[in-house]
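Visitor: Residues in the sequence shown are numbered from 129 upward in steps of one, following the numbering used here. Cβ coordinates follow ideal geometry from the N, Cα and C atoms, glycine included.
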Amino acid sequence: MLVGLILLVAVRAMIALSMRADRRFRAIDRLPMQWTLTGAVSWHAPRTVALAFTPVLGTMLILVVGAMALWVPPRAGQEGLVIPVLLAIAAGMVAIHALHIWMIGRWAKARH
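1) Assuming the contact rule is C-beta atoms closer than 8 angstroms, M142 and T182 should be a hit. Round their C-beta distance to whole Å, please.
2) In the structure shown, what three-state DSSP assignment does L179 receive?
3) Quick one: give me the first and last residue of the beta strand (DSSP E) that M161 is part of.
4) State the start and end residues of the unbroken alpha helix (DSSP H) segment that holds H228.
5) Under 8 angstroms, do P160 and I232 count as touching if we go by C-beta distance?
6) Buried or exposed, going by whether 16 or more other CB atoms sit within 10 Å of the CB of S146?
7) In whole angstroms, give me the CA-to-CA distance for A144 and Q162.
Structure (structure tokens):
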């Protein structure tokens with residue numbers, strides 16, 4: 129039950145971030161997906177793809193880890209680590225998505 133709640137909260141957070149970003153960047157058709165180490169954009173994607181990529185990836189990752197938490201018994205001594213690891217992965221995916229949107233915002237501001 130807790131695994132499902134963690135998944136739901138993380139997915140809702142990423143979707144909320146994407147919806148807000150979609151309104152913010154509605155005038156831009158293609159958004160950056162990746163940057164080089166020098167800060168230049170290496171490729172773009174349509175706005176809906178760019179804003180949906182991380183939530184979809186995060187959902188799949190959390191689902192796989194959650195399924196493993198339910199069906200694969202932890203090693204001896206690691207029983208108490210399942211939920212904290214799942215929380216860390218979920219929080220990390222939300223943070224990565226927020227960072228991506230923040231970087232898009234910086235790119236959009238510099239562009240105009």
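Guide: Checking against the coordinates, here is how it stands:
1) 6 angstroms
2) L179: helix per DSSP, three-state reduction.
3) 158-163
4) 210-239
5) yes
6) buried
7) 21 angstroms
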